[in-house]
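Under numbering that gives the first Met the number 0, think of the first position of the sequence shown as 0, with each following residue one higher.
We treat Cβ as the ideally placed atom computed from N, Cα and C, and that holds for glycine.
Accompanying notes for the structure given below.
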Amino acid sequence: MTPKIDIDKNKLIITVKHISPKETIVYTFSSEIRESKMENIRLTTNEDKLAFAIEYLSLSNNEIASKFGVTSGTISKMKNPYESTLKPAYLYAFESAYGIPYKIFEDKKINTSEKIIHAIKEKKKKTQTDVFYQNDDLLSQLVGDWYAYLYPSNPSYDIYTIKTTIKSDGTVIDDNNNGGKLYLGKRQSMIIKESKNSQDLVSITFDNMQIPFGIFSFTLVSKRNLVHRKMCNFGFFSKRELPLDKVAEILGNREDVQFKLDYGFEERINEFVGFEG
């Protein structure tokens with residue numbers, strides 16, 4: 000008779016049912032699956048490749064859904080070749096969030112479980128060596144013009160917007176001629192610019208997994224114009240220029256997305272330095 004075969008995590012379970020005139024006997028064999036024995040599993044669709052990678056990394060649908068802000072049912076559909084739910088933006092997000100290389104989906108030669116495991120291990124090895132590293136796929140998604148939206152430091156003015164251009168060599172320039180550099184990290188990346196007038200640095204940090212969607216939030220740390228008061232702004236980049244009423248709706252209340260450092264903090268630091276000296 001035909002045995003029943005199941006895969007549970009990293010175990011292969013084979014169940015054989017023997018039926019005789021007097022009784023039914025069930026034999027169950029359980030064995031660990033070694034990666035070297037998984038090379039014959041052929042995976043041709045992107046959905047199957049994703050499902051295997053998720054299983055290999057021991058990720059749950061609920062865990063992924065929570066990170067992506069979708070339902071666990073949506074994740075299940077992404078793994079089903081008959082649903083047509085899996086889009087390139089999600090594949091880039093999986094690479095950023097869980098280290099599942101985008102190249103396994105675009106390279107038709109990566110079509111077995113062994114090759115997928117090798118690609119995942121190589122990416123992990125590469126990203127563990129440096130804080131910032133070369134990621135051509137991620138860079139290609141960032142190259143071009145972006146519109147930054149945030150509240151300005153002067154409360155008399157409303158929403159501040161400026162076009163920022165990221166070039167293929169990682170250099171950055173905005174419409175005020177403030178230049179800088181893009182640094183790509185494993186899960187987050189950042190832009191560091193120098194203010195043309197004050198020569199102060201501006202840092203902009205953002206999550207990689209949001210980039211494929213053409214709009215992503217950032218944290219900007221800088222000094223206020225003409226003064227040395229440090230401040231933190233939360234804003235967002237968009238590939239499309241948006242109407243200001245929609246921008247205001249996304250940003251919300253100014254006091255929720257802008258923080259100015261109190262002068263007293265710097266004074267206390269200076270007093271401590273003087274006391275210690």
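Just mark residue i as buried or exposed, buried being the case when its beta carbon has 16 or more other beta carbons within 10 Å.
| i | result |
| --- | --- |
| glutamate 121 | exposed |
| tyrosine 89 | buried |
| valine 130 | exposed |
| lysine 3 | Any answer about lysine 3 is weak, because its pLDDT of 48 lies below 50 and its placement is not dependable; what the coordinates show is given next. Classification of lysine 3: exposed, given that the 10 Å Cβ count is below 16. |
| leucine 250 | buried |
| phenylalanine 264 | exposed |
| leucine 243 | exposed |
| asparagine 287 | Lying before the first or after the last residue shown, residue 287 is absent from the chain, which here runs from 0 to 276. |
| isoleucine 268 | exposed |
| tyrosine 150 | buried |
| phenylalanine 271 | exposed |
| glutamine 257 | buried |
| serine 167 | exposed |
With DSSP as the reference, identify every bridge partner of residue i, one or two as the case may be.
| i | result |
| --- | --- |
| glutamate 193 | Gly178 and Leu200 |
| phenylalanine 212 | In DSSP, phenylalanine 212 forms no bridge with anything. |
| alanine 147 | Ile161 and Phe236 |
| isoleucine 172 | Thr164 and Gly178 |
| leucine 138 | In the DSSP output, where bridge partners are listed per residue, leucine 138 has none listed. |
| phenylalanine 217 | Gly234 |
| aspartate 261 | For aspartate 261, which the question treats as bridged, DSSP gives no partner whatsoever. |
| leucine 183 | Ser188 |
| aspartate 206 | Gln187 |
| lysine 222 | Lys229 |
With a CB to CB cut of under 7 angstroms and the five nearest residues on each side skipped, what residues in its chain are close to residue i?
| i | result |
| --- | --- |
| alanine 147 | Thr160, Ile161, Thr163, Gly234 and Phe236 |
| lysine 36 | Low local confidence applies: a pLDDT of 45 at lysine 36 is under 50, so the model's placement there is unreliable, with the coordinate-based value given in what follows. Taken in chain order, the list of residues that qualify is empty. |
| proline 100 | Glu94, Ala118, Ile119 and Lys122 |
| leucine 85 | Asn45, Glu46, Leu49 and Met77 |
| serine 83 | none |
| glutamine 187 | Thr204, Phe205, Asp206 and Asn207 |
| lysine 66 | Ala96 |
Among the options, which one has its Cα closest to the Cα of residue i?
| i | options | result |
| --- | --- | --- |
| glutamate 240 | Pro80, Asn110 and Trp145 | Trp145 |
| asparagine 153 | Thr43, Lys259 and Leu42 | Lys259 |
| isoleucine 115 | Asn79, Gln198 and Thr43 | Thr43 |
| lysine 238 | Gln140, Phe67 and Asn134 | Gln140 |
| glycine 98 | Thr70, Asp136 and Ser71 | Asp136 |
| lysine 107 | Leu56, Arg41 and Ile210 | Arg41 |
| phenylalanine 212 | Glu248, Tyr91, Ile109 and Lys229 | Tyr91 |
| glycine 143 | Lys195, Glu113, Glu105 and Thr170 | Thr170 |
| alanine 96 | Leu58, Lys195, Glu254 and Arg253 | Leu58 |
| proline 80 | Lys66, Phe51 and Thr70 | Phe51 |
| tyrosine 132 | Glu113, Tyr156, Leu181 and Asn196 | Leu181 |
For residue i, which residues of its own chain have a beta-carbon under 8 angstroms away from its beta-carbon, when the five flanking residues on both sides are left out?
| i | result |
| --- | --- |
| valine 246 | Tyr148, Ile158 and Thr160 |
| asparagine 134 | Leu183 |
| methionine 230 | Ser152, Val220, Ser221, Lys222, Arg223, Gln257, Phe258, Lys259 and Leu260 |
| lysine 102 | Ile109, Ala118 and Asp136 |
Looking only at its own chain, which residues have a Cβ that is under 6 angstroms from the Cβ of residue i, when we skip the five neighbours before and after it?
| i | result |
| --- | --- |
| serine 221 | Val201 |
| isoleucine 74 | Asn60, Ile63 and Ala64 |
| glutamine 317 | Since the first residue shown for the chain is 0 and the last is 276, residue 317 is missing from the structure and cannot be characterised. |
| glycine 179 | Val171, Ile190, Ile191 and Lys192 |
Entirely enclosed alpha helix (DSSP H) segments - the stretch 39 to 69, minimum 4 residues: 45 to 55 and 60 to 67
Contiguous alpha helix (DSSP H) assignments of at least 4 residues, all confined to the stretch 67 to 127: 71 to 77, 87 to 97, 102 to 105 and 112 to 126
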